[in-house]
Amino acid sequence: LPVELLPNAVTFMQETSSTQLTLTLDISPALYPTHQGDYVCTAVNSHNSVQTQVNITFSLVVVAPPSIVMSPASLTVVHPDTAMFSCLAEGRPRPNITWLRREGDSDRLEQLTGLFSNVALGEDSLASNLTVPDSGPAIAGEYICRAENGVEEVTETSANLTVNGVCVYV
Numbered sequence: 005l006p007v008e009l010l011p012n013a014v015t016f017m018q019e020t021s022s023t024q025l026t027l028t029l030d031i032s033p034a035l036y037p038t039h040q041g042d043y044v045c046t047a048v049n050s051h052n053s054v055q056t057q058v059n060i061t062f063s064l065v066v067v068a069p070p071s072i073v074m075s076p077a078s079l080t081v082v083h084p085d086t087a088m089f090s091c092l093a094e095g096r097p098r099p100n101i102t103w104l105r106r107e108g109d110s111d112r113l114e115q116l117t118g119l120f121s122n123v124a125l126g127e128d129s130l131a132s133n134l135t136v137p138d139s140g141p142a143i144a145g146e147y148i149c150r151a152e153n154g155v156e157e158v159t160e161t162s163a164n165l166t167v168n169g170v171c172v173y174v
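First residue of the sequence shown: 5, per the working numbering; consecutive thereafter.
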């Protein structure tokens, strides 16, 4: 039976037709991904020289909200150079990273597709690189790295892209 939790203790309940059994697994002082796995609880009841033993196995799945551990850095490029942003997020399950661009000073966000690549780094981390080719003044602005994994809220961080033109003196 799978059990997902964020706090340090989990209560597992098993009901049968005639009894209810409540088990508590207390992992202190903190819960870590290394605690994930299968646990077996053995209950032994001796009554009138008759011994009954019950084994209950359950799987503990440790989850953690996404966190961005490497934020993209703001860049200044000269037109038509390519700009590249990098972002690293971790969480359990491994988060997904998407990239967005804020259009000017508005609240409107444009989701970027086809410009970034994500690479899994182990079981809990994801690296993402966003490549903005042929930079021109129209693509300057705020670029947002957003990480989510279905646990708690989405987390995000941003960087600014400034594009300088090329001056030609005659």
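All residues carry an ideal CB built from backbone N, CA and C; glycine is no exception.
Select from the options the residue whose C-alpha is nearest the C-alpha of residue i.
i    : options                   : result
I72  : V136, V65 and L130        : L130
N59  : A68, T46 and S53          : T46
Y147 : E156, N153 and I101       : I101
D138 : P84, A151 and L113        : P84
P70  : R96, T61 and V82          : R96
P81  : Q115, V155, G140 and E157 : The sequence shown places Val at residue 81, rather than the Pro named in the question. When only C-alpha atoms are compared, the closest one is G140.
A124 : I31, A34 and C91          : C91
A34  : V54, E157, A68 and Q55    : A68
W103 : S53, S110 and T117        : T117
D42  : T61, R105, L119 and G108  : T61
Here's a check: name, in chain order, each residue in its chain whose Cβ is nearer than 7 angstroms to the Cβ of residue i, leaving out the five neighbours to either side.
i   : result
Q40 : L64, V65 and V66
With a threshold of 16 other CB atoms inside 10 Å of the CB of residue i, please say whether the residue is buried or exposed.
i    : result
E160 : buried
S162 : buried
A93  : buried
V136 : buried
S121 : exposed
N168 : exposed
R112 : exposed
E157 : exposed
State the CB to CB distance for the pair residue i and residue j, rounded to an integer number of angstroms; the pair is presumed to be in contact (CB under 8 angstroms).
i    : j    : result
N133 : M74  : No, N133 and M74 are not in contact; Cβ-Cβ is about 11 angstroms, not under 8 angstroms.
T166 : A144 : 6 angstroms
E127 : R98  : 7 angstroms
Which same chain residues, not among the five before or five after residue i, have their C-beta less than 6 angstroms away from its C-beta?
i    : result
N164 : S78 and E146
Q57  : V48
N153 : P70, G95, P97 and P99
Once you ignore the five residues that flank residue i on each side, which residues in its own chain have a CB closer than 8 angstroms to its CB?
i   : result
Y36 : V66
- Task: Kindly provide the ranges of any beta strand (DSSP E) runs that are 3 or more residues long and lie completely inside the region 85-155, ordered along the chain.
- Result: 87-96, 100-106, 113-116, 120-125, 129-136 and 145-152, all fully within the region 85-155.
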